[in-house]
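J.: Sequential numbering of the sequence shown, starting at 12, is according to the numbering used here.
By construction, the Cβ of each residue, glycine as well, lies at the ideal position given by its N, Cα and C atoms.
Everything numeric in this text was worked out from a predicted model, so none of it was measured.
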Amino acid sequence: MPVKSTNQIRKDFLDYFAAHGHDEVPSSPLVPANDPTLLFTNAGMVQFKDVFLGAEKRKNPRAASSQRCVRAGGKHNDLDQVGYTARHHTFFEMLGNFSFGDYFKEDAIRYAWELLTEVYGLEPDRLWVTVYETDNEAHDIWVKQIGVPEERVIRIGDKPGGAKFESDNFWAMGDTGPCGPCTEIFFDHGPGVEGGPPGSPDEDGDRYIEIWNLVFMQFDRAADGTMNPLPAPCVDTGMGLERLAAVLQHQHSNYKIDLFSALTEAAAQLTGCKDRDNASLNVIADHIRACAFLVLDGVVPSRDGRGYVLRRIIRRAIRHGYKLGQKKPFFNKMVEPLVTQMGDAYPDLRKKAGLISETLLEEEQRFARTLDTGMGILKDVMAKSAGKEGGEIDGSTAFLLYDTYGFPLDLTQDIARENNFSVDEEGFGREMSQQQERGRSSGKFA
Numbered sequence: 012m013p014v015k016s017t018n019q020i021r022k023d024f025l026d027y028f029a030a031h032g033h034d035e036v037p038s039s040p041l042v043p044a045n046d047p048t049l050l051f052t053n054a055g056m057v058q059f060k061d062v063f064l065g066a067e068k069r070k071n072p073r074a075a076s077s078q079r080c081v082r083a084g085g086k087h088n089d090l091d092q093v094g095y096t097a098r099h100h101t102f103f104e105m106l107g108n109f110s111f112g113d114y115f116k117e118d119a120i121r122y123a124w125e126l127l128t129e130v131y132g133l134e135p136d137r138l139w140v141t142v143y144e145t146d147n148e149a150h151d152i153w154v155k156q157i158g159v160p161e162e163r164v165i166r167i168g169d170k171p172g173g174a175k176f177e178s179d180n181f182w183a184m185g186d187t188g189p190c191g192p193c194t195e196i197f198f199d200h201g202p203g204v205e206g207g208p209p210g211s212p213d214e215d216g217d218r219y220i221e222i223w224n225l226v227f228m229q230f231d232r233a234a235d236g237t238m239n240p241l242p243a244p245c246v247d248t249g250m251g252l253e254r255l256a257a258v259l260q261h262q263h264s265n266y267k268i269d270l271f272s273a274l275t276e277a278a279a280q281l282t283g284c285k286d287r288d289n290a291s292l293n294v295i296a297d298h299i300r301a302c303a304f305l306v307l308d309g310v311v312p313s314r315d316g317r318g319y320v321l322r323r324i325i326r327r328a329i330r331h332g333y334k335l336g337q338k339k340p341f342f343n344k345m346v347e348p349l350v351t352q353m354g355d356a357y358p359d360l361r362k363k364a365g366l367i368s369e370t371l372l373e374e375e376q377r378f379a380r381t382l383d384t385g386m387g388i389l390k391d392v393m394a395k396s397a398g399k400e401g402g403e404i405d406g407s408t409a410f411l412l413y414d415t416y417g418f419p420l421d422l423t424q425d426i427a428r429e430n431n432f433s434v435d436e437e438g439f440g441r442e443m444s445q446q447q448e449r450g451r452s453s454g455k456f457a
């Protein structure tokens with residue numbers, strides 16, 4: 012079977028579910044419209060939350076989407092991992108199919124298996140499955156109907172020392188409300204790669220990679236922990252497009268798929284980097300996606316909230332360009348190759364490319380004025396501690412960099428980590444509190 016492009020993989024997913032009676036629903040914006048508790052949309056089900064809770068009805072109880080998601084800031088914060096691992100991203104696309112009181116476990120599992128093995132052509136004997144330990148129904152569907160050998164269907168229980176239902180295979184919207192068991196599908200990269208199957212001591216290796224999570228929402232959890240059956244059980248599935256593309260394109264790293272290869276190549280050209288495996292290129296390629304789509308969805312760089320998360324991501328990308336020797340604005344020029352890769356799937360990206368580039372350029376120019384000086388201060392502090400074990404950047408320096416030179420704390424921590432230093436976070440917090448107190452005091456006498 013020929014290798015499919017990421018764009019084709021996305022299209023095949025949506026086409027498959029459309030052919031099985033699902034509405035193809037556009038991605039909702041990264042800024043959630045109906046959930047003030049959420050910083051950014053981080054899963055496909057977010058736009059359907061009111062439907063799952065029974066507050067909203069859809070004409071068609073079946074839907075499918077490719078949802079753009081951001082996980083940076085808040086509870087889901089992968090920022091310091093991005094670029095250095097094979098599968099961490101600030102921005103990703105989540106492919107999902109949803110049933111609101113229509114089909115349930117049997118059809119959901121059958122659809123997933125058929126799509127993976129018949130449409131995408133994955134070898135059935137390289138797929139492993141996990142189920143919640145007491146979900147005999149899902150276990151039996153996999154073994155008796157789909158025909159997955161018993162030894163490749165693994166029951167996963169609650170985490171040792173954790174609460175009841177605290178498990179990788181039990182999903183909950185919150186402490187109360189809709190919840191239920193889930194079944195996860197893993198791809199086995201083969202014995203040449205280190206790692207053990209899910210549930211084993213070596214499960215964190217790279218051999219077995221989770222590609223799809225099927226959540227069966229069948230309970231409504233009350234405040235006292237009672238599990239009441241939902242009147243209309245629902246299905247909510249999520250599969251990372253980039254992970255799936257890596258598997259289908261025979262790559263171990265998401266950054267080697269066609270979409271990212273084009274972006275890392277553009278980053279290399281713009282920064283003059285000769286080493287195509289340099290992690291900084293991955294950071295820049297990842298961050299342009301998050302930044303462009305956040306600006307597209309109306310987020311503007313600022314000193315707080317969503318705008319500050321955007322500013323942190325932009326400045327992190329700029330600093331990685333600086334690290335590669337590029338001291339002139341370059342990040343805004345990444346918009347064009349991004350549009351080439353993703354403009355067909357997201358036409359608004361093409362329409363607003365000019366605005367996105369201008370926003371990024373303004374932020375680059377603003378940070379360029381202080382980046383050199385701030386880097387000099389950091390180098391001086393680290394040079395004074397050279398040779399000492401466990402060097403630390405003091406809180407007052409970290410705060411000076413933040414307050415005067417526009418260095419977000421995580422940017423200082425990034426640079427410190429690269430030089431085997433740590434940052435005194437408590438000291439930074441004290442400086443921040445003192446400044447806020449000074450601000451409040453001066454406000455009283457204004």
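Let's see if you can read the secondary structure: which residues bound the beta strand (DSSP E) around Asp-199?
T.: Counted from its first residue, the sequence shown places residue 199 at position 188. Per DSSP, Asp-199 belongs to the beta strand (DSSP E) from 188-199.
J.: Report, in whole angstroms, the separation of the C-beta atoms of Met-105 and Gly-249, which I expect to be a contact under 8 Å.
T.: In the sequence shown, counting from the first residue as 1, residue 105 sits at position 94. In the sequence shown, counting from the first residue as 1, residue 249 sits at position 238. About 5 Å separates the two Cβ atoms, so the contact holds.
J.: Along the alpha helix (DSSP H) that carries Gly-107, what are the first and last residues, could you check?
T.: Sequence index remark: in the sequence shown, residue 107 carries index 96 (1-based). Taken as a continuous stretch (DSSP letters only), Gly-107 belongs to no alpha helix (DSSP H), being part of the beta strand (DSSP E) at 102-111.
J.: Whole angstroms is fine: what's the gap from Glu-373's alpha carbon to Gly-354's?
T.: Along the sequence shown, read from residue 1 onward, the residue named residue 373 stands at position 362. Along the sequence shown, read from residue 1 onward, the residue named residue 354 stands at position 343. Cα to Cα, the separation comes out at about 23 Å.
J.: Does the pairing of the region 350-368 with the region 435-451 give three or more beta-carbon distances under 8 Å?
T.: Verdict: no, contact absent.
J.: Please classify Lys-15 as buried or exposed, where buried requires at least 16 other C-beta atoms within 10 Å of its C-beta.
T.: Counting from 1 along the sequence shown, the entry for residue 15 is found at position 4. It is buried - the Cβ of Lys-15 has at least 16 other Cβ atoms within 10 Å.
J.: Strictly by DSSP, which residues pair up with Ile-299?
T.: Position 288 of the sequence shown holds residue 299. Paired residues: none, contrary to the question.
J.: Use the C-beta contact count for Asn-45: other C-beta atoms within 10 angstroms, 16 or more gives buried, fewer gives exposed.
T.: Position 34 of the sequence shown holds residue 45. With fewer than 16 other Cβ atoms within 10 Å, it is exposed.
J.: My guess is that Val-130 and Asp-23 are in contact by the Cβ rule of under 8 Å, so how many angstroms apart are they, rounded?
T.: For the purposes of this step, residue 130 is identified with residue 119 of the sequence shown, where counting begins at 1. For the purposes of this step, residue 23 is identified with residue 12 of the sequence shown, where counting begins at 1. Contact flag correct, Cβ pair sits at about 6 Å.
J.: Applying the criterion that 16 or more other CB atoms from any shown protein chain within 10 Å of the CB defines a buried residue, is Arg-218 buried or exposed?
T.: In the sequence shown, the residue the question calls residue 218 occupies position 207. Label assigned to Arg-218: buried.
J.: Excluding the 5 residues flanking Asp-269 on each side, which residues of the same chain have their C-beta closer than 7 Å to its C-beta?
T.: In the sequence shown, residue 269 corresponds to position 258, counting from 1. Once the five neighbours on either side are set aside, the close Cβ partners of Asp-269 are Ser-16, Thr-17, Gln-260.
J.: Can you name the start and end residues of the alpha helix (DSSP H) that Tyr-122 belongs to?
T.: Within the sequence shown, the letter at position 111 stands for residue 122. Taken as a continuous stretch (DSSP letters only), the alpha helix (DSSP H) holding Tyr-122 covers 116-125.
J.: Can you say whether Asp-383 is buried or exposed, counting buried as having 16 or more other CB atoms within 10 angstroms of its CB?
T.: For this step, residue 383 is matched to residue 372 along the sequence shown. It is exposed - the Cβ of Asp-383 has fewer than 16 other Cβ atoms within 10 Å.
J.: Where does Pro-242 sit, in a helix, a strand or coil, going by DSSP?
T.: Taking the first residue of the sequence shown as position 1, residue 242 is located at position 231. Note: Pro-242 maps to strand in three-state DSSP.
J.: Measure how close the beta-carbons of Gly-438 and Ser-407 come, nearest whole angstrom, since I'm counting them as under 8 Å.
T.: Position 427 of the sequence shown, counted from the first residue, corresponds to residue 438. Position 396 of the sequence shown, counted from the first residue, corresponds to residue 407. Contact holds; Cβ gap of about 7 Å.
J.: Report the three-state DSSP secondary structure of Met-345 (helix, strand or coil).
T.: On the sequence shown, residue 345 is found 334 positions in, with the first residue counted as 1. Met-345: helix per DSSP, three-state reduction.
J.: Might you give, ordered along the chain, the residues of its own chain that have their beta carbon closer than 7 Å to the beta carbon of Glu-375, omitting 5 neighbours on each side?
T.: Taking the first residue of the sequence shown as 1, we reach residue 375 at position 364. The residues are Ile-329, Pro-340, Phe-342, Asn-343.
J.: Assign Ser-407 to one of three DSSP states: helix, strand, or coil.
T.: The residue you call residue 407 lines up with position 396 of the sequence shown. If DSSP states are grouped into helix, strand and coil, Ser-407 belongs with the helices.
J.: Can you tell me where the alpha helix (DSSP H) with Ala-75 in it begins and where it stops?
T.: One-based indexing of the sequence shown puts residue 75 at position 64. Per DSSP, Ala-75 belongs to no alpha helix (DSSP H); it is in the beta strand (DSSP E), 73-81.
J.: Rounding to the nearest angstrom, what Cα-Cα distance links Glu-67 and Thr-187 in this structure?
T.: Indexing the sequence shown from 1 puts residue 67 at position 56. Indexing the sequence shown from 1 puts residue 187 at position 176. Approximately 19 Å, taken between the alpha carbons.
J.: If you check the beta carbons only, do Asp-215 and Gly-206 fall under 8 Å apart?
T.: To locate residue 215, count along the sequence shown from 1; it is residue 204. To locate residue 206, count along the sequence shown from 1; it is residue 195. Result yes, Cβ atoms of Asp-215 and Gly-206 sit closer than 8 Å.
J.: Could you tell me how far apart the beta carbons of Ala-303 and Val-346 are, in whole angstroms, since I believe they sit closer than 8 Å?
T.: In the sequence shown, the residue the question calls residue 303 occupies position 292. In the sequence shown, the residue the question calls residue 346 occupies position 335. Between Val-346 and Ala-303 the Cβ distance is about 6 Å, and since that is below 8 Å, they are a contact.
J.: Can you find the residues in the same chain that come closer than 8 Å, C-beta to C-beta, to Arg-327, ignoring five residues on each side of it along the sequence?
T.: Within the sequence shown, numbered from 1, the residue matching residue 327 stands at position 316. Closer than 8 Å at the Cβ level, and outside the excluded window around Arg-327, lie Leu-90, Val-294, His-298, Pro-419, Asp-421, Leu-422, Asp-425.
J.: What are the partner residues of Phe-227, as DSSP defines its beta bridges?
T.: By one-based count along the sequence shown, residue 227 stands at place 216. BP columns for Phe-227 point to Val-246.
J.: Between which two residues does the beta strand (DSSP E) holding Tyr-143 run?
T.: The count along the sequence shown starts at 1 and reaches residue 143 at position 132. Element bounds for Tyr-143: 138-143.
J.: Going by beta carbon distance, what residues of the same chain come within less than 8 Å of Ala-273, once the five residues before and after it are set aside?
T.: One-based indexing of the sequence shown puts residue 273 at position 262. Correct list, in chain order: Pro-348, Thr-351, Gln-352.
J.: For a test of the three-state rule: what should DSSP assign to Asp-34, helix, strand or coil?
T.: For this step, residue 34 is matched to residue 23 along the sequence shown. Strand.
J.: Am I right that Val-311 and Thr-370 are in contact with their C-beta atoms under 8 Å? What's the rounded C-beta distance?
T.: For the purposes of this step, residue 311 is taken as residue 300 along the sequence shown, with counting starting at 1. For the purposes of this step, residue 370 is taken as residue 359 along the sequence shown, with counting starting at 1. That belief holds up - the Cβ atoms of Val-311 and Thr-370 are roughly 7 Å apart, short of 8 Å.
J.: DSSP beta-bridge partners for Gly-251?
T.: The residue given as residue 251 occupies position 240 in the sequence shown. DSSP lists Met-105 as partners of Gly-251.
J.: Let me know the secondary structure DSSP gives Arg-218 once reduced to three states.
T.: Translated into positions along the sequence shown, residue 218 becomes position 207. Looking at Arg-218 - three-state DSSP - the assignment turns out to be coil, as it is neither helix nor strand.
J.: Within 10 angstroms of its Cβ, does Tyr-143 collect 16 or more other Cβ (buried), or is it exposed?
T.: The residue you call residue 143 lines up with position 132 of the sequence shown. Its Cβ being crowded by 16 or more others within 10 Å, Tyr-143 is buried.
J.: Helix, strand or coil for Arg-232? Go by DSSP, reduced to three states.
T.: What you label residue 232 is simply residue 221 of the sequence shown in a count that begins at 1. Reduced to three states, the DSSP call for Arg-232 is strand.
J.: For Ala-183, report the span of its beta strand (DSSP E) as first-last.
T.: Counted from its first residue, the sequence shown places residue 183 at position 172. 181-183 is the span of the beta strand (DSSP E), which, as asked, contains Ala-183.
J.: Given a threshold of 16 other Cβ atoms within 10 Å of its Cβ, counted over all protein chains shown, does Ala-427 qualify as buried or as exposed?
T.: Your numbering for residue 427 matches position 416 in the sequence shown. Result: buried.
J.: In three-state terms, what does DSSP make of Arg-166?
T.: The residue you call residue 166 lines up with position 155 of the sequence shown. In this structure, Arg-166 counts as strand in the three-state DSSP scheme.
J.: Say whether the region 142-162 touches the region 105-123, bearing in mind that this needs 3 or more beta-carbon pairs closer than 8 Å, one atom from each stretch.
T.: Cβ pair count under 8 Å is three or more, so yes.
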